[in-house]
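Protein chains in written order, with my numbering: chain A, 65 to 348; chain B, 442 to 742.
Built from N, CA and C at the ideal position, the CB exists for glycine as well.
These figures come from a predicted structure and were not determined experimentally.
Structure first, then comments.
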């Protein structure tokens, strides 16, 4: 049933498409003029279908986060094209990107570092609304409290510092902030790493609910193939800056072609037990 | 107490040189020592000195024949004028420049500034002062010493201000060139660290404008080490320019302290060190208060 739904969604034109994207980082050795070039992305092609969960997996340093940053236009790619809602965005200026910013939002791995330590929970969620001029004054605060409730946080905690929340609660806060601008694409950059299995499962349940209510498309970045095997519609495997394998979840799990994908599959640990033990409505 | 003890333990006294003068009899020297209480044991002299501190005199200068506090007030005022001006300039330059460099980190601007600051850091303050003095003596664009020109009293109000400013230039530039590299590097390092944190990336993703991102988001988050440094700056207002004052002839605490140390004018030395210590304590206290006010993380702790 899920596969059929994914197939139906796949018929729609891609929400985002990356063509031959390349990105290099030039690094210098300390006390030396020697430079060395790191190919973070090499001719990467990727399609993200609307309202699907596309997972980007690979080991550390494979280029997943760089691809996400380029897609969110937080970094400029050196070459290639990035299409979003049928617009080529890779060469847009900061001013031209103003319309795009609210549509692509990211949730980062480091939940403590991803929230402004000087802001309260309500200020953190209100920030994008104020920046984009969506709401003003009391409406912003009310909307921030609504979003807190939506992600399972009490609105009574609105004035607490972000640092007073647990890791799982901070990730919920980051999700609330990300959905405040009603984005089309939500990039989850290792957002579940560093959380215990039960909390991971709870956050995944929350993301699944939000995906339905907000008609969201997810790009889930993870090094954990077992985790994405539970939730992804499409999977792309990255290795040393290139996508070495892509397909539906069944295709990748059923018949991995590349040696590195098979290695990743072999090293996976199942989350099923965690899903079973995580009771609905339980908050981290 | 330690300050007094260490100054007192130093060998010799103010009257040692007088004993070498054959025209002054040992009885006269003994009478002078007795008059100033130097024949008393250290604890007694310490208690007397503490009493005079509470009276606001801070002891007595043998060389100037007046209370230490009256000497220090004038000299400390001159020093504060110099260091206050230099500190203000350093912060006004270092904060915006450091933010700008951090925003262009790994670019040519960053590399140029880092190399320039490395060079400046390796040049001692004394060499900078001597180099500037050499330049002004050769070019006559600025006065090469002192605080005011001859005939200062006959000048009008604006001319007096202009004359004072011109005399301030050499010591102020020396102090700015000496302390700017350290502060600039701290501002840059703090800002680079914060600019690479995910919350800044998230704010960029929300469409926050660059200037707002730098000054409203990044700078407050990067401010803690800078606030601590500001406390040290305030604490060093009296003691940070002693050598420069001596070299450039600025009539502040530096020449007074040097003179007092050489002539073993005990209470002046103790008074100058005490006033610097007090300002250091005030500076650190101010930094702590500012940290609590600026950062909720510190308040939580």
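Can you tell me the Cα-Cα spacing of residue i and residue j, whole angstroms?
i: residue 559 (chain B); j: residue 737 (chain B); result: 35 Å
i: residue 251 (chain A); j: residue 616 (chain B); result: 50 Å
i: residue 96 (chain A); j: residue 88 (chain A); result: 20 Å
i: residue 723 (chain B); j: residue 735 (chain B); result: 18 Å
i: residue 538 (chain B); j: residue 123 (chain A); result: 39 Å
i: residue 199 (chain A); j: residue 192 (chain A); result: 10 Å
i: residue 542 (chain B); j: residue 496 (chain B); result: 51 Å
i: residue 272 (chain A); j: residue 239 (chain A); result: 12 Å
i: residue 328 (chain A); j: residue 317 (chain A); result: 11 Å
i: residue 671 (chain B); j: residue 714 (chain B); result: 20 Å
i: residue 275 (chain A); j: residue 652 (chain B); result: 34 Å
i: residue 256 (chain A); j: residue 213 (chain A); result: 20 Å
i: residue 310 (chain A); j: residue 300 (chain A); result: 4 Å
i: residue 178 (chain A); j: residue 125 (chain A); result: 20 Å
i: residue 147 (chain A); j: residue 248 (chain A); result: 14 Å
i: residue 185 (chain A); j: residue 448 (chain B); result: 56 Å
i: residue 708 (chain B); j: residue 674 (chain B); result: 26 Å
i: residue 664 (chain B); j: residue 629 (chain B); result: 11 Å
i: residue 458 (chain B); j: residue 697 (chain B); result: 19 Å
i: residue 220 (chain A); j: residue 320 (chain A); result: 48 Å
i: residue 109 (chain A); j: residue 157 (chain A); result: 23 Å
i: residue 590 (chain B); j: residue 490 (chain B); result: 37 Å
i: residue 115 (chain A); j: residue 78 (chain A); result: 10 Å
i: residue 637 (chain B); j: residue 91 (chain A); result: 16 Å
i: residue 254 (chain A); j: residue 719 (chain B); result: 51 Å
i: residue 705 (chain B); j: residue 623 (chain B); result: 34 Å
i: residue 222 (chain A); j: residue 216 (chain A); result: 12 Å
i: residue 460 (chain B); j: residue 466 (chain B); result: 8 Å
Per DSSP, which one or two residues make a beta bridge with residue i?
i: residue 311 (chain A); result: A:299
i: residue 83 (chain A); result: A:145
i: residue 168 (chain A); result: A:249
i: residue 117 (chain A); result: A:282
i: residue 184 (chain A); result: A:225
Is residue i close to chain A? Criterion is C-beta to C-beta, closer than 8 Å.
i: residue 643 (chain B); result: yes
i: residue 638 (chain B); result: yes
i: residue 666 (chain B); result: no
i: residue 500 (chain B); result: no
i: residue 738 (chain B); result: yes
i: residue 646 (chain B); result: yes
i: residue 649 (chain B); result: yes
Under the three-state reduction of DSSP, which class applies to residue i: helix, strand or coil?
i: residue 456 (chain B); result: coil
i: residue 337 (chain A); result: Any answer about residue 337 (chain A) is weak, because its pLDDT of 48 lies below 50 and its placement is not dependable; what the coordinates show is given next. Note: residue 337 (chain A) maps to helix in three-state DSSP.
i: residue 487 (chain B); result: helix
i: residue 734 (chain B); result: helix
i: residue 658 (chain B); result: helix
i: residue 505 (chain B); result: coil
i: residue 91 (chain A); result: strand
i: residue 706 (chain B); result: coil
i: residue 637 (chain B); result: coil
i: residue 306 (chain A); result: strand
i: residue 282 (chain A); result: strand
i: residue 345 (chain A); result: With a pLDDT of only 48 at residue 345 (chain A), under the threshold of 50, the placement of this residue in the model should not be trusted, and no figure is reported.
i: residue 327 (chain A); result: helix
i: residue 107 (chain A); result: strand
i: residue 582 (chain B); result: coil
i: residue 292 (chain A); result: helix
I'd like to know whether the C-beta of residue i is nearer than 8 Å to at least one C-beta of chain B.
i: residue 103 (chain A); result: no
i: residue 212 (chain A); result: no
i: residue 203 (chain A); result: no
i: residue 231 (chain A); result: no
i: residue 346 (chain A); result: Because the pLDDT of residue 346 (chain A) is 49, which lies under 50, any placement of that residue in the model is unreliable, and the number read from its coordinates should be weighed accordingly. Answer no: the Cβ-Cβ gap between residue 346 (chain A) and chain B never drops below 8 Å.
i: residue 79 (chain A); result: no
i: residue 82 (chain A); result: no
i: residue 260 (chain A); result: no
i: residue 177 (chain A); result: yes
i: residue 333 (chain A); result: Any reading at residue 333 (chain A) must be qualified, since the residue scores a pLDDT of 48, below 50, and its modelled position is unreliable; the value itself is stated next. It does not: the Cβ of residue 333 (chain A) has no partner Cβ on chain B nearer than 8 Å.
i: residue 187 (chain A); result: no
i: residue 136 (chain A); result: yes
i: residue 165 (chain A); result: yes
i: residue 336 (chain A); result: Residue confidence is low: residue 336 (chain A) scores 48 on pLDDT, short of 50, so the model does not pin down where it sits. No coordinate-derived value is stated.
I want to know whether the stretch 126-136 of chain A touches the stretch 280-291 of chain A - three or more CB-CB distances under 8 Å.
yes
How do the stretch 559-575 of chain B and the stretch 606-625 of chain B stand: do at least 3 beta-carbon pairs fall below 8 Å, yes or no?
Yes: the two stretches touch, three or more of their Cβ pairs being nearer than 8 Å.
So does the stretch 140-157 of chain A actually touch the stretch 319-328 of chain A, counting three or more Cβ pairs closer than 8 Å?
no
Is the stretch 195-209 of chain A touching the stretch 643-652 of chain B, taking contact as three or more C-beta pairs under 8 Å?
yes
Would you call the stretch 653-667 of chain B and the stretch 466-480 of chain B touching, i.e. three or more CB-CB distances under 8 Å?
no
Cβ pair count under 8 Å reaching 3, the stretch 506-513 of chain B against the stretch 589-599 of chain B:
no
Any 3 or more C-beta pairs closer than 8 Å across the stretch 678-688 of chain B and the stretch 515-528 of chain B:
yes
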